[in-house]
Each structure stands twice: as structure tokens, then as C-alpha cells.
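Which chain is which? The protein sequence lines are Y and V, in order.
Just so you know, we're using my numbering here: the first sequence kicks off at 12 and counts up by one.
Just so you know, we're using my numbering here: the second sequence kicks off at -3 and counts up by one.
The beta carbon of each residue, even a glycine, is placed where N, CA and C say it ideally should be.
Just so we're clear, the structure is a prediction, and the values are computed from it rather than from any experiment.
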Amino acid sequence: MQAQAALPGIKETIPAQHTWLGGVWRRFLRQRLAVLAGVVLLAILLSALLAPVIAPYDPEKIFPEGLGNPLPPSDKFWLGTDGRGRDLLSRLLWGGRISLAVGITASTIALSIAVLVGGLAGFLGGRIDYIIMRLVDLMMSVPSFFVILLLVALLNPSPLAVIFVIVLFGWPYPARVFRSEVLSLRRRDFILAAQSLGAPARMIFVRHLLPHVLPLLVVYLSLSIPGAIFTETTLSYLGLGVPPPTPTWGSMVLDGQPYYRVAPWLVLCPGLAIMLTGVCFNLVGNGLREAIDPVRKER
Amino acid sequence: MIQYVARRILWILVTLLCISVITFTLVLSAPGDPARALAGARADDLALSQVREQYGLDQPIYIQYARYMRRLLSGDLGYSYAYNRPVAEELADKLRPTALLALSIIVVAVLMGIPLGVFTAQRNQSKIGQAVNIVGLMTISIPAFVFGLLLIYVLGYSLRWFPIGGYGSIGHLVLPTLTVAIPWSVWYANILRTNLLNLAHSDFVRTAHAKGLQKWAVTLRHALPNALAPVLTMVSMDLAALLTGLAIVEYVFNWPGIGWMAVRAALSRDIPVVMATVLLGGLFIGLGNLIADLLVARLDPRVQLDN
């Protein structure tokens, strides 16, 4: 960190490894809340990933003693059992796998489409831009939840169907964001330089524009995953998502609802898991945005 | 102005046309018998053959679509075999509850959010700001169905203050309203607080201070009206979103509105009803956004209506 050949009286402040990524990382670490959220998020992701190893029981195994009356937390069942006599902790860990996998996959696909479509619209401009943006307008005036209901009523409930509907309505808004980002990048000098050097449009888009948009992609990814998890859990709660007996956080709330008077934790545990995940993703996303682009605040 | 509104309404009609094409195509191309889908899961053979005849399901697709469109334009949204009555009548019944709930949510959210925003802006130690931010994140990160069930447990079941579901009295309105209004008010408060703090350094606020006005008078008389405009923009946009976004809350509280009907129709595979809610929702969103834009242009003279 210290200066090697500083002028007398002037303290050298540029750190030894001042790469762009290093700077982002340092600025991220400076935000204690975002770091804390990142650690919690990592723990959530790991516990979901390792569910087959760390879950005490098979999430679909029925213990007769809990059948019909949920057991309270005990030594044997740390979070008790649900109304069908299944271990709640195991279901919580396994349920996170589906909810997180669906949320992360769907958001990643939706945002990749958004970058390509929005980026191309902003980069190419003209008629293509017009058509794409009208399509985005159209998608944004569709009552998405009702169409999602229609789709899942027509298709059979499955994780793939859920991912499909999330992607379908997940790309238009970010596409608009990336378009405006590309529009402002396009007028920058380095693009002009590349153009005047005779670089083909494809190369400018792939080599010069996309790398500048990618950090934004990471930020939007972590900010849009909670929404995707929301859609998944909501559909599962309605019984229109991932079919039983596979546990997901949403269907666990559905299963717990009849027992909310005697065993409110059946609803509370998966509910809190969804909330904690959402808060953490949001905090990490905001932290990353701040770290990547410290000058510009708020969108 | 009139030209602008006319163009926007034209755009809404185009959007609705597109939506109807997409939904109809979806239903026709879904796995299974489209006649079964259009008639609903409970239709008998007679109803099925009737539907085949009506929509011309044995004819080329453009004729099917033309027939569907002609029926739509004459106000026929299909027949719900689950409810055994025309879908349009069924929808008309559900409009009032949904509008009532949406309105009550907006009013409560604004009435709670504005004072909260002003209050937290006055005490802007960064700790309080951060706390409000996190609480805001928490309230919007908890799914409506979980928060609704939580309110049912605490205020409905444990304390027995309010009925836990159903429709009829003011009491029935309280829990579903709070379920949405609490997170939204925190959200509005957050935006308002940020706006107020940004305005604190502007010239007119400094002038008001220099005149010797009390701190509260500066905030309420000078800063607040300016900080409110963006919040009101959000409110009017949210109203459109509310009319279509209440489904899950209506379902949790058994509130017989449009969303409740849509969810139940989806669960019982009553496709004509779901298709109709899609169209109605599209109309709501289009009109709602138009009204929001007009309102904003009125409130904020810097906004120009064009394109």
C-alpha cells in the first residue's frame, strides 16, 4: 500500500494493486451492511446447496407422530414438524434449493435477454430500436399476473413453467434500462475512436459496449432475483407452482396455513426465509452499485 | 392536449388488440383440447360442441380469431361454466370490491407515508435514515401472503380486533388494506425523505430559513409541496398497478374482487374467466397510466406532454 517513489511531502495514495476489480471490491468492503448481507446470503446459498448433506431428514419423509398435529420444536426436530409429519428444518433447507434455483435461473435468463435486446436497440437505433421499444411498451402494459395465471392454468405446474413465465415478464423493464445505458455510452469518445479506426459494428458492440454494461448487469441481477423468488413463492403458495410433495418456500406456507392458530411457525419460518433472502439480495445489489459506480447515486 | 389523449387511447386499443390476440393464441396452442379450455373444466359434452361451433374451432385459425374478436367487440367475454353465467356479468360484480380495496389502500398508504417521511427527514441522523431504509427493505421483501397471514394471526386471531377474511363491513376492509398499505407507506416515506433531504440544500429553502421561518414551517410550507410531486407520481402509477396486483391479497382474505376471481378461476382451470381478467387488467393499466401522466403534467409544470 505504501509509496515506492513518492515525491517529497506528497503521500502516495494509489494502492499497489489498483485494478478496476480491486477498487470495486475495496469499495464494497467499506459498506459494512452490504458485507453483512453478503455473508448471510452466502450462508443461505450454501445451506440450500448443501441441503442433501446437512438436512437431518428426507424432506418428504413422514413421521407418524406428527401426522395431523404439528410437533413443536424439539431435540429431534429442531423446528418441529409440519401438519403432515415432515421435518420442517429439512423442508426449509430443501425448499430453498427450488426457490433459489428458480429465482436465480429465471433472473439470469431474463437479464441476459434484456442486455442483448436493450443493448441492440440502443446501439442500432432507428427502426429496430423503435420496434423493440414498442414491444417493451406493450409487454409493460400487459397485466402480467393475470397472464401468468392464464399460462400456469394452461400449462401443467412445473419448475420450468414457472421459470418461463418469470422470464417472459422479467426482461422488458431491464431492457429499457440497458438501452438507455448503451445510448449514453454510444456517444463516448472511446466508441467514437473505435468507429473512426474502422472497427466493425459487431466488434464495437461485443468488445467495447458489452464490457461496460456487464457490471450493471450484476447489480440488476442481484436486485431482480428477489422479485423472481417472489413470483415463484406466490405461485407455489397458490398451488400453481412447483407441484407437491417437492418442498418450496411458497408451498410450505400453503401447507402451514391450516395450522396457523396452533403452529404459527409453520408459516413464519418459510416466510422469514423469503424475506431474509430478499433483503440480503437487495442490500448486496445496492452495495455493488455503490461500489461499481461511486459517483452516481440512485438509478 | 386532446390530440395527445386521443393518441394515447388509440395506443391502449392497439395494446388490447395485441393482448387479445396473444391470449387467444395461447389458449389455442396450449396442450389439450382448446374447446375444453374455452368452455372450462366443468363443461359437459353439449357445452363442448357448442363452444366448437361458436368459435369455429374446426375452421382455419384466422376465422377462429375473427369470430372470437366479433364476440369480444359485442361485449361477450365468454361463458363461465363454473359459475354458470356470462363472464362479463361475473366480472361486473367483482369490480366494486376491488375498486374499494384499492382506494382504501392508496388513501391509507399516503396518510401514513407522508407524515412518516416528513418525520424521518427532520431527524436525519444517518442511523435513523439507515434504519428506515432497512425496515423499508424488509417490508417490501416480505411476500404479501406471508404478511397478510401474520396480520391475521396477530390482529385477527390473537387480539380478535378484526375479522380474518370476507367482505361486507368496514372491519373486513382493515386487514387487507394494512397488508399492502404498510409496506407501501414505508416506501413512500423513503422516497419523500430522500426528496426532502435533497431539497434542503436548494436556494428557496435557504431563503425561507433566512427569512427567519421556523424549521417546521419551512418543511411544511416550502419543501413539502415540491418533494411531494414525485411521490404523487408514484401513487397514481401504483393505483393502476393495484387494480391488477391485488390478486394475492384478495385471495388470502377471501375478498371477492377481480383478483380473487382470477386466482380461483386459474385453480379450477376456468379459462374464459382468466382470459377476461387479462383483457380487463390491460384496460386498467392503460387507462391508469394515462390518468397518472395527465395528473403529473398538471402537478408539475416542468413535465411536457408529448410523444
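Span of the alpha helix (DSSP H), counted from its first residue to its last, around residue i
{"i": "ASN250(V)", "result": "Per DSSP, ASN250(V) belongs to no alpha helix (DSSP H) and is neither H nor E."}
{"i": "ASP266(V)", "result": "Note, ASP266(V): premise wrong, no alpha helix (DSSP H); not H, not E."}
{"i": "PHE241(Y)", "result": "221 to 249"}
{"i": "ARG37(Y)", "result": "31 to 40"}
{"i": "GLY49(Y)", "result": "43 to 60"}
{"i": "PRO281(Y)", "result": "276 to 303"}
{"i": "ALA206(V)", "result": "199 to 206"}
{"i": "ASP140(Y)", "result": "137 to 151"}
{"i": "GLU192(Y)", "result": "183 to 197"}
{"i": "ALA31(V)", "result": "30 to 35"}
{"i": "GLY79(Y)", "result": "Note, GLY79(Y): premise wrong, no alpha helix (DSSP H); not H, not E."}
{"i": "LEU161(Y)", "result": "155 to 165"}
{"i": "LEU209(V)", "result": "Per DSSP, LEU209(V) belongs to no alpha helix (DSSP H) and is neither H nor E."}
{"i": "GLY144(V)", "result": "140 to 147"}
DSSP three-state assignment for residue i, whether helix, strand or coil
{"i": "PRO82(V)", "result": "strand"}
{"i": "LYS308(Y)", "result": "Residue placement at LYS308(Y) is poorly supported in this model, since its pLDDT is 46, which falls under 50; the coordinates are not used for a value here."}
{"i": "TYR270(Y)", "result": "helix"}
{"i": "TYR163(V)", "result": "coil"}
{"i": "SER16(V)", "result": "helix"}
{"i": "ASP54(V)", "result": "coil"}
{"i": "SER70(V)", "result": "coil"}
{"i": "SER207(Y)", "result": "helix"}
{"i": "SER169(Y)", "result": "coil"}
{"i": "TYR184(V)", "result": "helix"}
{"i": "TYR64(V)", "result": "helix"}
{"i": "TYR68(Y)", "result": "coil"}
{"i": "THR116(V)", "result": "helix"}
{"i": "GLY278(V)", "result": "helix"}
{"i": "LEU242(V)", "result": "coil"}
{"i": "GLY367(Y)", "result": "The structure shown does not extend to residue 367(Y), since chain Y is modelled only from 12 to 310, so the question has no answer here."}
{"i": "LYS87(Y)", "result": "coil"}
{"i": "VAL253(Y)", "result": "coil"}
{"i": "ARG218(Y)", "result": "helix"}
{"i": "ALA26(V)", "result": "coil"}
{"i": "ARG298(V)", "result": "coil"}
{"i": "LEU155(V)", "result": "coil"}
Presumed contact (8 Å Cβ cut-off) between residue i and residue j, rounded CB distance
{"i": "TYR149(V)", "j": "PRO93(V)", "result": "Not really, about 23 Å apart at Cβ, beyond 8 Å."}
{"i": "GLY74(V)", "j": "MET271(V)", "result": "7 Å"}
{"i": "SER155(Y)", "j": "PHE180(Y)", "result": "4 Å"}
{"i": "ALA31(V)", "j": "VAL47(V)", "result": "5 Å"}
{"i": "ILE267(V)", "j": "LEU53(V)", "result": "Rounded, the Cβ-Cβ distance is 14 Å, inconsistent with contact."}
{"i": "MET257(V)", "j": "GLU49(V)", "result": "With a Cβ gap of about 27 Å, MET257(V) and GLU49(V) do not count as contacting."}
{"i": "ALA262(V)", "j": "VAL163(Y)", "result": "7 Å"}
{"i": "LEU279(V)", "j": "ARG4(V)", "result": "Going by Cβ atoms, the distance from LEU279(V) to ARG4(V) rounds to 13 Å, so no, they are not a contact pair."}
{"i": "ILE101(V)", "j": "LEU238(V)", "result": "6 Å"}
{"i": "ALA84(V)", "j": "GLY71(V)", "result": "6 Å"}
{"i": "GLY284(V)", "j": "LEU235(V)", "result": "6 Å"}
{"i": "THR259(Y)", "j": "ILE109(Y)", "result": "4 Å"}
{"i": "LYS90(V)", "j": "GLY253(V)", "result": "5 Å"}
Interface partners of residue i on chain V, CB under 9 Å
{"i": "THR259(Y)", "result": "The contacting residues do not exist; THR259(Y) stays about 12 Å from chain V at best."}
{"i": "GLY289(Y)", "result": "LEU133, MET134, ILE136, SER137, ILE138, PRO139"}
Residues sharing a beta bridge with residue i, DSSP
{"i": "ASP98(Y)", "result": "THR92(Y)"}
{"i": "SER45(V)", "result": "For SER45(V), which the question treats as bridged, DSSP gives no partner whatsoever."}
{"i": "TYR75(V)", "result": "PRO82(V)"}
Listed by chain order, chain Y residues near residue i by CB distance under 7 Å
{"i": "THR11(V)", "result": "LEU149, SER152"}
{"i": "VAL23(V)", "result": "LEU165"}
{"i": "ILE244(V)", "result": "THR245"}
{"i": "TYR153(V)", "result": "ARG272"}
Chain-ordered neighbours of residue i on chain V, where CB pairs are closer than 7 Å
{"i": "TYR248(Y)", "result": "PHE141"}
{"i": "MET286(Y)", "result": "MET134, SER137, ILE138"}
{"i": "ASN293(Y)", "result": "LEU133, SER137"}
{"i": "GLY49(Y)", "result": "Ordered by position in chain V, no residue passes the 7 Å Cβ test against GLY49(Y), which lies about 15 Å from the chain."}
Contact set between residue i and chain V, taken where Cβ atoms lie within less than 8 Å
{"i": "PHE241(Y)", "result": "PRO139"}
{"i": "PRO237(Y)", "result": "SER137"}
Per-residue contacts from residue i into chain Y (C-beta, under 8 Å)
{"i": "GLY282(V)", "result": "SER152"}
{"i": "THR19(V)", "result": "VAL158, LEU161"}
{"i": "ALA262(V)", "result": "LEU160, LEU161, VAL163, ALA164, LEU249, LEU251"}
{"i": "MET271(V)", "result": "LEU161"}
Cross-chain neighbours of residue i in chain Y, by beta carbon under 9 Å
{"i": "LEU145(V)", "result": "VAL264, GLY267, GLN268, TYR271, PRO275, VAL278, LEU279, GLY282"}
{"i": "VAL305(V)", "result": "Because chain V in this structure spans residues -3 to 303, residue 305(V) falls outside the shown range and cannot be described."}
Near the ligand GTP: residue i beta-carbon under 7 Å from a heavy atom
{"i": "GLU49(V)", "result": "Judged by which ligands are present, the structure shown has none, so any question about the ligand GTP falls away."}
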